[in-house]
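One structure is given here, and the rest of the page talks about it.
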Ligand SMILES: C[S@@+](CC[C@H](N)C(=O)[O-])C[C@H]1O[C@@H](n2cnc3c(N)ncnc32)[C@H](O)[C@@H]1O
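Residue numbers (the UniProt record's numbering): 1 to 307.
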């Protein structure tokens, strides 16, 4: 195990992080979600994680550390606007800290905050503003693929208590399934064509290796939690009642899609045409026609060894 080789001794500012690890990104990571409009739309249109995700995490924490009325501290990495991931931890921890590299996400999270035990902080995952051996749970919701995972895992090892847990989970918008619709296969086929174009390295310059790690369900070996005691969860789905345009609005909260669509008039026209093609496949001329879709969630869980 690469941990316990000594502590990572470096000061990591947001800017230093950007210049070190983002060279291959067309838009630097800290800028991808740096958009006030996007932060607001994110809350409105992005998918919400189902209860089982948080139940699975808390069950894993409990198996590791036992049952307490409340655990001391959880950190939610890449918390975004807070409402998707951070808030679910509030009932189980004395304090929850949500951190994000993007100013607009932290502003939105702070604006949304109704919990006295949640705080939000503009910080990078690789240099957390918490003491060593102080954190029970580090949660990473749809953000692990954006991190400098080696530095991040070292930082986790610094701040986690023995037996403390890392829980990373995500979903891929590349495989959208339509449920309860007589033309589900035709609609799925159109969605697949749209996704394939958006996730093509040749067509979309904003689609990166990191997006591919998520599309491949975090199976990339280097992304694995570097503890002996780990668990993977697959084959669980989250379902959302939505509409034709609701699905496309949800996709537009993904940075590589939004950046591509807004990149040129031609791409915007293509996006309009995607609405049209979905309506045709559905058999309607109403973009707000109801449509339920589902996505697979995948989870990586790992536990720091007890002393
Ligand atoms: C796709 S969003 C996920 C937001 C939310 N957790 C959710 O599940 O919907 C990824 C977030 O990770 C943040 N992020 C990316 N790199 C980061 C880093 N190195 N440290 C902290 N946050 C980071 C981005 O700014 C963005 O808000």
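Heads up, the beta-carbon is just placed ideally off N, CA and C, and yes, glycines get one too.
Three-way DSSP call (helix, strand, coil) for residue i in this model
i, result
"residue 176", "coil"
"residue 92", "helix"
"residue 305", "coil"
"residue 246", "helix"
"residue 21", "Per-residue confidence for residue 21 stands at a pLDDT of 40, beneath the threshold of 50, marking its modelled position as unreliable; the derived number appears in the next sentence. Looking at residue 21 - three-state DSSP - the assignment turns out to be helix."
"residue 69", "coil"
"residue 214", "helix"
"residue 238", "strand"
"residue 127", "coil"
"residue 139", "strand"
"residue 230", "strand"
"residue 291", "strand"
"residue 47", "coil"
"residue 256", "helix"
"residue 166", "strand"
"residue 153", "helix"
"residue 97", "strand"
"residue 41", "helix"
"residue 147", "coil"
"residue 132", "coil"
"residue 285", "coil"
"residue 202", "coil"
"residue 225", "coil"
"residue 3", "With a pLDDT of 34 at residue 3, under the threshold of 50, the modelled position of that residue is not reliable, and the figure given next carries that caveat. Reduced to three states, the DSSP call for residue 3 is coil."
"residue 60", "helix"
"residue 208", "coil"
"residue 171", "strand"
"residue 299", "strand"
"residue 116", "coil"
"residue 121", "strand"
"residue 278", "helix"
"residue 83", "coil"
Outcome for residue i when other beta-carbon atoms lying within 10 angstroms are tallied against a minimum of 16
i, result
"residue 293", "buried"
"residue 91", "exposed"
"residue 306", "exposed"
"residue 203", "exposed"
"residue 84", "buried"
"residue 217", "buried"
"residue 230", "exposed"
"residue 58", "buried"
"residue 291", "buried"
"residue 72", "exposed"
"residue 286", "exposed"
"residue 81", "buried"
"residue 147", "buried"
"residue 211", "buried"
"residue 61", "buried"
"residue 200", "exposed"
"residue 228", "exposed"
"residue 273", "exposed"
beta-carbon residue i near ligand 1 non-hydrogen atom, thresh 6 Å
i, result
"residue 80", "yes"
"residue 317", "Lying outside 1 to 307, the shown extent of the chain, residue 317 is not represented and no answer is given."
"residue 105", "yes"
"residue 146", "yes"
"residue 141", "yes"
"residue 102", "yes"
"residue 214", "no"
"residue 85", "yes"
"residue 74", "no"
"residue 124", "yes"
Within-7 Å CB hit, residue i to chain C
i, result
"residue 215", "As a matter of chain content, chain C is missing from the structure shown, which is built from one protein chain."
Meets three-Cβ-pair contact criterion under 8 Å: the segment 92-111 and the segment 66-81: Touching, per the Cβ criterion.
Inter-stretch contact (C-beta, 8 Å, three-pair minimum) for the segment 164-182 and the segment 59-66: With a cut-off of 8 Å, the segment 59-66 and the segment 164-182 count as touching, because enough Cβ pairs lie within range.
Three CB pairs or more closer than 8 Å across the segment 252-272 and the segment 286-306: By the Cβ criterion, the segment 252-272 is not in contact with the segment 286-306, since fewer than three pairs of Cβ atoms, one from each stretch, lie closer than 8 Å.
Cβ contact (3+ pairs, closer than 8 Å) linking the segment 134-141 and the segment 102-114: Under the Cβ criterion (8 Å, minimum of three pairs), the segment 134-141 does not count as touching the segment 102-114.
Three-pair Cβ contact test at 8 Å for the segment 271-285 versus the segment 211-222: With the cut-off at 8 Å, the segment 271-285 and the segment 211-222 do not touch.
Any 3 or more C-beta pairs closer than 8 Å across the segment 193-203 and the segment 262-269: Touching, no, given that fewer than three Cβ pairs across the two stretches are closer than 8 Å.
At least 3 beta-carbon pairs within less than 8 Å: the segment 47-57 vs the segment 229-244: The segment 47-57 vs the segment 229-244: in contact.
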